[in-house]
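Asker:
2 protein chains.
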Amino acid sequence: MEQELVLLGFWTSPYVMRVQIALLEKGIQFHYKEEQDIFQDENKSELLLKSNPIYKKVPVLIHNGKPICESLIILQYIDEVWKQEPQLLSHDPYNRSRARFWIDFFDNKIADCGRRTWAGKGEDQQAAKSEFIECLKLLESELGNKLYFEGDHFGLLDIALIPITCGFYTYEKLYKFSVEKECPRVMEWVARCNQRESVSKTLPDPNKLFDFVLNIRRRFGIE
Amino acid sequence: MEQELVLLGFWTSPYVMRVQIALLEKGIQFHYKEEQDIFQDENKSELLLKSNPIYKKVPVLIHNGKPICESLIILQYIDEVWKQEPQLLSHDPYNRSRARFWIDFFDNKIADCGRRTWAGKGEDQQAAKSEFIECLKLLESELGNKLYFEGDHFGLLDIALIPITCGFYTYEKLYKFSVEKECPRVMEWVARCNQRESVSKTLPDPNKLFDFVLNIRRRFGIE
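Just so you know, the sequences run in chain order H and Y.
21 is the number that full-length UniProt numbering gives to position 21 of the first sequence; each next residue is one higher, with no gaps.
18 is the number that full-length UniProt numbering gives to position 18 of the second sequence; each next residue is one higher, with no gaps.
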């Protein structure tokens, strides 16, 4: 039986980009379906609502009719089902635990700062700016002198983190600061990752993303 | 070299209990160190602050000097390092993804309701009550007619979920409702899990936990 693999996504979602990059890295064929709007449930596709009834969020990977939700869970599923190289998670249990820890950290902290950047204003936005820069500095220190987060190969942690970087331009414009000045090693890592086809094909144009964020802020009456 | 395995914990933490149950299930020897207070950083041990500088939270499993943080990450680490039976995560990637999904759901939703039960009052506590019962009903439906969450064996999802149940007595007293009446299958599953030595040895007395919650609410001036 031919495998049927469908990815439900939305072009601005870093969580969807993670899955796209992982599938491209492994050379797995999939059919991508773009949602029209991910902000209001009534505009979401029937397929998304049926496939992820708990969270109603992208990404959802549907493999032979079975839905898998939540990006980190999807990435691990991909690595466990398609065992060909590149292996996304390290073979070493301790390194695996480190990768999972930093992805979890990113999902809880940086993503929260990100949401407050899109949706916040005034003092809360200023607090989000400080926390965002603090998080970036932790990542800078975790990266150290390594080429990639797990050493000399592009792995799960890189795949999970690189999508947020296409929003750096937006953060810089809104917050009036320079990521490169604060975290030069992170920016070298971004340039290194962008040389990979899986990444450059997936990440959207930062200017287009910035316009989208401004539109969303207007749509929800934030500005 | 003899393996050195230390677990930093606190007796009321369901996340710590998960790790204890997993270690007992696998028959792994470990040294347990109880924190004196997990609510204020100045009362936490040097070892905890050094081992988990990002979150400063229990549980931390320290294996030959290397700290692993976050309960779900620790459980997967245990399963990957000590490969003896019982295997905590299913061998089937789709079942693994389902277990990870529900643990993630639990960690985000039920734990949030739990915190608001301990710390909230008035309308927010009432909202937390409704959301908590709704979450329990989702679990009831996910459990269905199965003996355990993943079928006929006690697995990762059971290990992750069972510790919350020693707080049911507290929820029932504070919220004035009956878990058994709302979710009879969940309560049958609780009784089934409690027959296992790993569970009965780990879970604290519900009355003692209730007294602790009342003390904490007084300590932080909630009542």
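Every residue, glycine too, gets a C-beta built ideally from N, C-alpha and C.
If distances are taken between C-alpha atoms only, which option among Y:E70, Y:I78, Y:C166, Y:E188 comes closest to D211 (chain Y)?
Answerer: The sequence position of residue 211 (chain Y) within the second sequence is 211, counting from 1. Looking at the Cα atoms, Y:C166 is the closest of the given residues.
Asker: Using only alpha-carbon positions, find the residue among Y:V6, Y:V16, Y:L7, Y:L8 that is nearest to P204 (chain Y).
Answerer: Looking up residue 204 (chain Y) in the second sequence gives position 204. Nearest C-alpha to P204 (chain Y): Y:V16.
Asker: I'd like the ranges of any alpha helix (DSSP H) spanning at least 4 consecutive residues and lying wholly in the stretch 48–117 of chain H.
Answerer: You should have 71–81, 93–105.
Asker: Taking Cβ positions, are L143 (chain H) and V186 (chain H) nearer each other than 8 Å?
Answerer: The count along the first sequence starts at 1 and reaches residue 143 (chain H) at position 143. The count along the first sequence starts at 1 and reaches residue 186 (chain H) at position 186. Yes, Cβ-Cβ distance for L143 (chain H) and V186 (chain H) is below 8 Å.
Asker: Is the beta carbon of L61 (chain H) less than 8 Å from the beta carbon of L138 (chain H)?
Answerer: Residue mapping note: residue 61 (chain H) aligns to position 61 of the first sequence, counting from 1. Residue mapping note: residue 138 (chain H) aligns to position 138 of the first sequence, counting from 1. Contact: no.
Asker: Let's see if you can read the secondary structure: which residues bound the alpha helix (DSSP H) around residue 228 (chain H)?
Answerer: Nothing can be reported for residue 228 (chain H): it is not among the residues displayed for chain H, which extend from 1 to 223.
Asker: Assuming L24 (chain Y) and K201 (chain Y) form a contact by the criterion Cβ under 8 Å, report the distance between their Cβ atoms to the nearest whole angstrom.
Answerer: Residue 24 (chain Y) sits at position 24 when you count from the first residue of the second sequence. Residue 201 (chain Y) sits at position 201 when you count from the first residue of the second sequence. Confirmed, about 6 Å.
Asker: Start and end of the beta strand (DSSP E) containing G151 (chain Y)?
Answerer: Within the second sequence, residue 151 (chain Y) is the residue found at index 151, counting from 1. Premise fails: G151 (chain Y) is in no beta strand (DSSP E) and is neither H nor E.
Asker: Using beta carbons (cut-off 8 Å, strictly below), is C69 (chain Y) in contact with chain C?
Answerer: Reference to chain C is not applicable here, since the protein chains of this structure are H and Y.
Asker: Under a Cβ-count criterion, where at least 16 other Cβ atoms within 10 Å of its own Cβ denotes burial, should E35 (chain H) be classed as buried or exposed?
Answerer: Counting from one through the first sequence, the residue named residue 35 (chain H) turns up at place 35. Result: buried.
Asker: Out of curiosity, what's the CA-to-CA distance linking Q76 (chain Y) and H63 (chain H)?
Answerer: Translated into the one-based positions of the second sequence, residue 76 (chain Y) becomes position 76. Translated into the one-based positions of the first sequence, residue 63 (chain H) becomes position 63. When rounded, the distance between both Cα atoms is 24 Å.
Asker: Residues in its own chain within less than 8 Å of Q84 (chain H) by CB, not counting five upstream and five downstream?
Answerer: For the purposes of this step, residue 84 (chain H) is taken as the residue at position 84 of the first sequence. Around Q84 (chain H): K26, G27.
Asker: Quick one: list the residues of chain Y neighbouring Y77 (chain H), beta-carbon separation under 8 Å, in chain order.
Answerer: In the first sequence, residue 77 (chain H) corresponds to position 77, counting from 1. The answer, in chain order, is P93, Y94, R96, S97.
Asker: Per DSSP, which residues does residue 246 (chain H) bridge with? Please list them.
Answerer: With chain H represented from 1 up to 223, any question about residue 246 (chain H) goes unanswered, as that position is not in the structure.
Asker: For W11 (chain Y), tell me which candidate among Y:S130, Y:P59, Y:L49, Y:L5 has the shortest Cα-Cα distance.
Answerer: Residue 11 (chain Y) sits at position 11 when you count from the first residue of the second sequence. Comparing Cα-Cα distances from W11 (chain Y) to each of Y:S130, Y:P59, Y:L49, Y:L5, the minimum goes to Y:P59.
Asker: DSSP on P204 (chain Y), reduced to helix/strand/coil?
Answerer: Translated into the one-based positions of the second sequence, residue 204 (chain Y) becomes position 204. P204 (chain Y): coil per DSSP, three-state reduction.
Asker: Look at R196 (chain H) and F154 (chain H) and say whether their C-beta atoms are less than 8 Å apart.
Answerer: By one-based count along the first sequence, residue 196 (chain H) stands at place 196. By one-based count along the first sequence, residue 154 (chain H) stands at place 154. Contact flag set, yes.
Asker: When you compare the CB of V6 (chain H) with every CB in chain Y, is at least one pair closer than 8 Å?
Answerer: For the purposes of this step, residue 6 (chain H) is taken as the residue at position 6 of the first sequence. No, V6 (chain H) lies away from the interface with chain Y (no Cβ there is under 8 Å from its Cβ).
Asker: How far does the alpha helix (DSSP H) with R192 (chain Y) in it reach, from first residue to last?
Answerer: In the second sequence, the residue the question calls residue 192 (chain Y) occupies position 192. That run of the alpha helix (DSSP H) goes 184–194.
Asker: Between F132 (chain Y) and chain H, is any beta-carbon pair separated by less than 8 Å?
Answerer: What you label residue 132 (chain Y) is simply residue 132 of the second sequence in a count that begins at 1. Chain H contact via Cβ: absent.
Asker: So for N43 (chain Y), helix, strand or coil by DSSP?
Answerer: Residue 43 (chain Y) sits at position 43 when you count from the first residue of the second sequence. Helix.
Asker: Buried or exposed for I222 (chain Y), going by 16 or more other Cβ atoms inside 10 Å?
Answerer: Stepping through the second sequence from its first residue, residue 222 (chain Y) is reached at position 222. Classification of I222 (chain Y): exposed, given that the 10 Å Cβ count is below 16.
Asker: Helix, strand or coil: which one does DSSP assign to G167 (chain H)?
Answerer: Stepping through the first sequence from its first residue, residue 167 (chain H) is reached at position 167. In this structure, G167 (chain H) counts as helix in the three-state DSSP scheme.
Asker: Quick check on S198 (chain H): does DSSP put it in helix, strand or coil?
Answerer: In the first sequence, counting from the first residue as 1, residue 198 (chain H) sits at position 198. It is helical.
Asker: Count the other CB atoms, across all protein chains shown, that sit within 10 Å of the CB of D124 (chain Y); report buried if there are 16 or more and exposed otherwise.
Answerer: Stepping through the second sequence from its first residue, residue 124 (chain Y) is reached at position 124. Classification of D124 (chain Y): exposed, given that the 10 Å Cβ count is below 16.
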